[in-house]
Every structure is written in C-alpha cells, then in structure tokens.
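Numbering (this note's numbering), first residue to last: 197 to 960.
1. Can at least three beta-carbon pairs, one atom from the segment 235 to 251 and one from the segment 457 to 466, be found at a separation below 8 Å?
2. Report buried or exposed for residue 225, applying the criterion of at least 16 other Cβ atoms within 10 angstroms of its Cβ.
3. Specify whether the segment 916 to 932 and the segment 636 to 648 touch according to this definition: at least 3 beta carbon pairs, one from each stretch, less than 8 Å apart.
4. Whole-angstrom Cβ separation of residue 634 and residue 204, contact assumed at under 8 Å?
5. Would you mind stating whether residue 743 and residue 760 have Cβ atoms separated by less than 8 Å?
6. Would residue 710 pass as a contact of residue 719 if the rule is Cβ separation under 8 Å?
7. Among 861, 907, 707, 675, which one has its Cα closest to the Cα of residue 568?
8. Check the C-beta distance from residue 437 over to residue 326 and give it rounded, since I have them as a contact under 8 Å.
9. Whole angstroms is fine: what's the gap from residue 598's alpha carbon to residue 673's?
10. Kindly examine the ligand PLP and report whether one of its heavy atoms sits closer than 7 Å to the Cβ of residue 911.
11. Along the chain, which unbroken stretches of the alpha helix (DSSP H) at least 4 residues long are found entirely within the segment 601 to 672?
12. Thinking C-alpha only, which one of 474, 535, 382, 320 is nearest residue 893?
13. Given a cut-off of 8 Å on the beta-carbon distance, is the pair residue 500 and residue 238 in contact?
14. If I follow the unbroken alpha helix (DSSP H) through residue 217, where does it start and stop?
15. So, with DSSP's three-state summary, where would you put residue 864?
16. Taking the alpha-carbon of residue 259 as reference, which of 278, 229, 265, 296 has the nearest alpha-carbon?
17. DSSP has residue 416 in a bridge; who is on the other side?
18. May I ask you to report which of helix, strand or coil DSSP gives residue 327?
19. Check whether the segment 482 to 498 and the segment 869 to 880 are in contact - that is, three or more C-beta pairs closer than 8 Å.
20. Does DSSP put residue 411 in a helix, a strand or coil?
21. Whole angstroms are fine: how far does the CA of residue 361 sit from the CA of residue 423?
22. DSSP state of residue 827, grouped into three classes?
23. Return the Cβ separation of residue 707 and residue 776 in integer angstroms, given the expectation that the two are a contact with Cβ distance under 8 Å.
24. Can you give the Cα-Cα distance for residue 691 and residue 850, rounded to whole angstroms?
25. How big is the Cα-Cα spacing for residue 445 and residue 778?
26. Given residue 586, which residues of its chain have a CB within under 6 Å of its CB, disregarding the five upstream and five downstream residues?
27. Report yes if the C-beta distance between residue 867 and residue 942 is below 8 Å; otherwise report no.
28. If you drop the 5 nearest sequence neighbours on each side, which residues of the same chain put their C-beta closer than 6 Å to that of residue 513?
29. Taking C-beta to C-beta, are residue 811 and residue 695 nearer than 8 Å?
30. Between which two residues does the beta strand (DSSP E) containing residue 402 stretch?
31. Would you list the one or two residues that DSSP bridges to residue 378?
32. Give me the residue from 383, 365, 359 with the minimum Cα distance to residue 353.
33. Tell me which residues share the same chain as residue 306 and place their Cβ nearer than 7 Å to its Cβ, disregarding the 5 neighbours each side in the sequence.
34. Would you please state the rounded distance, in angstroms, between the beta carbons of residue 905 and residue 864? I believe it to be under 8 Å.
35. Give me the Cα-Cα distance between residue 813 and residue 571, rounded to the nearest whole angstrom.
36. What are the residues that DSSP puts in a beta bridge with residue 395?
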C-alpha cells in the first residue's frame, strides 16, 4: 500500500468511468448515409432467440446415412445460402461431424409480423434436388441434367397461350456443361418425339414433349405458381441441393412478444439488484463499500464488453435470458470477494493496526480464499461452456474428450449462462481485487480517510456457536430432507419434454376457450393424448394455451403448421397466435440428460482434485471428498425442492445444479481457507476447536454474501412474477433455495463432516 499514491484513485476511477460509458454507448461515425462502428456498445449485443424470438433447430441425417465431413460442410454452406435467401442474416449454423448433426439458430425477422418459422425450417431441411429426367417416370438411370448444371434460376412471367394471362414461371440458365447436356438430349428426343420431366426431389413439377432442339441453354418451369412459391423454388435451385435428407431431431421457436417481456423483466431486475447491492455495501462497509460499487460497475461493463465484441481479440457472444441471470449472479458473487476482504480489514483494524497496515494485511490474507473460490466457479462455468458450446468453441474443443459420445448441443442458453458467469468471475479478480485495492489504498493516503470510522464500526462480540458439537443435529436434519426428497420422487416427477422427448406448443388467445373441449379436439387432430394448460399473460389482456404430449417421433415443423392452422380455423374469433414451441426426439432428450449428468460428475471430480491439491496440508483428499459429498447433499435437496414446487426437470434444473456446485463449494472453500490459516497459527489446537473457530470467523461473511446473492435473485423472481415470465421463475426460485441450502451445508455439514472423517481416521 505504501507505493500507491493519492492520484491513483482518480486515475482508476476515470478509466472505469470512460470504459463503462464507451461500453454502454459505443462509438460510431457517420458519413452521409454510411454509419461506421468503431467501438461496439450494448446496442450491438446479439440477443438470443429467447429474448428476440426465433428458431433453434437441430437436423440429423436419416437412418443409415453416414455423412462425410465434406458432405456436412456442404450442408452448412447450403443452409447459409438458404437462410440468406429468406433474408435471415443474423443466423448461426454449426456442424457436429461426430454425430452427423447440423445446428441452426436464427432470430425472428426484425419488424416482421407474418414470418412463419415452421415453414422456414421445413424449407431449410428439404433436399431440393432438381433433376431433368427423360420420360415421365422418376427413373434415376435416365437423368439428363440436375441442379449442379444450373448457373442461375430466377422468377419470370410468361403469357399463357390459351387465356392470354401473365403467369409466374421459374426461368433457368444452364452452365456451359449443362447447356451441352441439354442440347444433346433435346436433339435426340426431338427426333423421337420424346418428353422431359422436371423433378424436385421425388415430386414432378413439370413435364413436356420436346418440340425443338434447344441450344441456348435456357429453360422454364411452369406451374400454378404465385410470386412467393416461384421465388422459393428459384432460391432452392440457386442454393444447391443437400447431399441427403435431413430429419428434425429438436425444434424450438419463441415469439418476439414472449422474449421482449423476459428481456424487460431481466433488465429491470438487474438495475434493482445492483442498486440494492450498492446501498447494502455502502451501509455495511462505508468507504470500502463505496469503492466496491465502482469496481462492480466496472465488472458489469466489462461483461457487456466481452459479450458485444468490444475487444478486437474477442468474438461477440449471444446474450440470452440465463446469460443475464449469470451477470446478476456474478455481481452477487463478486460482492463476496469484497466482503471477504473488508471483513479481514475490519479484523486487522479491531486488532489495533493502523488503516494502511490493516488494508495491506487484509487484502493479503483474503486473496487465497478469493482465488480458490473463484477458480472453483470458473471450473463449473468452463464445464458448462464445454458441454453446451458450439463445436468450434475453445472450451468445447478442450473438453471434447469428456463429451465426445454426445456431440454438439443446441443449448446456447446454458452456454450463455456459463460465459457470463465466467467472465464476471474473471473480471472480479481485476475489479474486485486489483482495482478496489488501488482505489482504497489511494484514498487511505488522504488525511481525512485515515480515520478508522470510515472502515468499520466498533467490534461486536458475538457468542460462538458450537457447529461441530451439534453435528448430529445437523446431520439428522439433512438426512430427513434427503429422505423426503427421495420419497417425493415416487409421488411423481415432472420430467420436461426436453429430456424425455415430445412436443410443447404455447399459444396466446383472446376471449374464452373451453380447455376440456380444446383437449378433445386437439387429440383428434394429433391422434394421441395431450395435456392442456391455460393461464394469463401478464403483459397484455390475452391468455395462454399450452399443449404438451410425449411422442416417439415428435411433431415435425410441417405438422406443427398443420396443427396451428387447424386450431386457428376451429377458433377463428379468438385471435390465436403461436408463442413458442419445443419439439425434441426421445433420443435427443436422453442424450441431453446424460450429457448434463456427465457435466455434473465431471465437475465434481475436477473440484475434488483441485481442493485436494490446494488444501493438501490439512488432508486435501478428505477435504475434497467431504466438500463434494456436501454438494451431493445440496443437489438432492434442490431436486426435492423442484418436485415440491412443481417445476419441470429440464435444462434450467441442470443450470441451477451446476450453479449450486460453484456457489456452495465457494462457501466451503472460504471456511477451509480459515482452517488452513488457523492450523498454522494454532498447530496444537484440538481439531474440534480449530474448526469451530474457523466456522465462527466465517459466519458473518457467509450470511452477508448469501443475503446479497439471494436478494439479487429475489428481485428477479418478483419482477418475473409482475411480467409473467415463467421461464425465469423455474430458474431463479429453485436457485434461491439452493443458495440457502448451500450456505447451510457449508457452515453446518461440510466442515463438521470433515472433522468426523478425520477423528474416525485417527481412532482407526
């Protein structure tokens, strides 16, 4: 702290302020009608389909098709061209070579109210193989030319010789090679009065008797076309054919109306949560609290910068609803570093040291706990990104040996959560540790801020609790909760379509619809049993109708369109519009569940290894095993909470579980850090007393950190209830209980269990 000078605070503050402003607003210049972006701001952040609305679909090859890497690369290029022809420019197309999958994500078109995502997906997956065949039968041995021989296809108009009307046709221009093929064929067939039929896949779109020798390399496809259907056919021909048929294994759509409500809810809850944290920190820690708020603002700005592509060395990322929750959670957890440090500083000041020495010792003693805690959260975030990132991402490549049997996943929302959580925690090292240390050290050089009252109040004596002595009570209570959670499994677990396969479609409607009558009518349309739920949409006067059913084959995009059309025809006065849909094959559902399970197991193994290494001086392996056993305790109880509250077991559940892994282990590590430190200071102290002392020294920090994170998530819940965003509730409500359980287990289970382990080992 001696080397930090007075001006440092102002320099760091200005840097954070300028950086935050540039991150929020960006920097552009305009020359005429041309706008050039020099620095990307928040407005340039790509929003996920759960915010903006759009489509998330996974295509797989038909059974028996073993696609080559070159074929899949060709599919990707064809997909990109087809998306561009649909004016979908902000799309993502990924190829999973190991599992022969193509993952496509694209947002709802801006300003488009009539965009049909189901039709777009159906068009994307069509093979679109154009063939000119001799004769009128579909005989692949008589192919004259095919789509690869076409240089250009476009919409034109031709006058009908009978009626005189102008009809839309698709005009074709052959390549040089195609021109020669067509000329040779028409010359031969003209002489024999033969015919040529034109086929798109296995459907005949046109046929005619050859009446001339065609040498100009031009042809037309006639039919009952309007402009849109003619353009669609021309676009398919121009984009090229897929080398094989594709099957939709999972399909999800979200309307922009639903997404906008979720975005508004998350933004509002984020602002409120940050304001609460700011007031809370300043009231509790005074000057250090004020400095921490500046650092947290820099952390949030840095997270937005990493998402938007602010830095030239980083690609932009897509922001989703769980991603925003990750930012809020990272801020809440970022507070932890400040609380750990400031509690250490208070201890130093209350021990009689001056402000400068207290700051120096406080930051030094707090760093190991902050470092180990943040690394464990980074481990969990890295596993999330590796398991659910796109195949080309660095983390997916690094962990491909772990998840190789599952291939790529279309769960970009979970990846976004892991990304924002990791970025937030990494930035916490920079802002919560380095920047706050520089600013606080600088302010302490001013005479007015040398007064200890700016750093802490008078020490309050609190009665030490005997955590280790009451371990039987804690263990019994936890055992009861675990048994209840297991028993509730037999009362019925709502496993989401995401895991077991099937379809969920939600519609908005006005007026009244009889749910029982609708159920019967929809079952007649689909041909299987369905569940029907109705509810209110909080952001408008409409209501919601949700249809769900388990299916081995799922519901293709074409069938979804047919269902929607049938419902709209049945209830023409109810203004029925699709809100979102999710269709997953049973195979994809099982793979996704197993992938989540492997992610949890792998995270646990890595955490055990890390803790065993870092805390090897106090019996590292036993500490690691006890910590992970505590995590298993937390997971089972959170699972029971999901069942009790009636939430579905889905990807949100897995994200909550992985978050609790990082959150709870962080709490436990802070206590382990105290035990490690006290072992050096009190080498002869009995283990029970040593651990009790360490836990009591950490209680205040654990409670205060939990309060900030829990209140942040409570804010999300309250705002989500106001906006009626159920998707956020199924994530944030269980996470609140999980955080409370994690805090309890860290204080009352992990360390007492570790004491029991070591005492039993000593007896043996």
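We put the CB at the ideal spot given by N, CA and C, even for glycine.
Concretely, from the data shown:
1. yes
2. Residue 225 comes out exposed.
3. no
4. 5 Å between Cβ atoms; contact.
5. In this structure, residue 743 keeps its C-beta atom at 8 Å or more from the C-beta atom of residue 760.
6. no
7. 861
8. With a Cβ gap of about 7 Å, residue 437 and residue 326 count as contacting.
9. Taking the straight line from one Cα to the other gives about 36 Å.
10. Among the components modelled here there is no ligand, and therefore nothing to report on the ligand PLP.
11. Whole alpha helix (DSSP H) segments, 4+ residues: 608 to 624, 632 to 639.
12. 535
13. Against a cut-off of 8 Å, the Cβ pair of residue 238 and residue 500 comes out as a contact.
14. 204 to 221
15. helix
16. For residue 259, the nearest C-alpha among the options comes from 296.
17. 367
18. strand
19. With a cut-off of 8 Å, the segment 869 to 880 and the segment 482 to 498 do not count as touching, because too few Cβ pairs lie within range.
20. coil
21. 14 Å
22. helix
23. The C-beta separation of residue 707 from residue 776 comes to about 21 Å, leaving the pair out of contact by the 8 Å criterion.
24. Cα-Cα distance, rounded: 12 Å.
25. 11 Å
26. 290
27. yes
28. Annotation for residue 513: 503, 615 place their beta carbon closer than 6 Å to its own, counting only its chain and skipping 5 residues before and after.
29. no
30. 399 to 405
31. Bridge partners of residue 378: none, in fact.
32. Closest in alpha carbon position to residue 353, among 383, 365, 359, is 365.
33. At residue 306, the pLDDT of 47 sits below 50, so the modelled position is not reliable and the matter cannot be decided from this model.
34. That belief does not hold up - the Cβ atoms of residue 905 and residue 864 are roughly 15 Å apart, past 8 Å.
35. 19 Å
36. 327, 400
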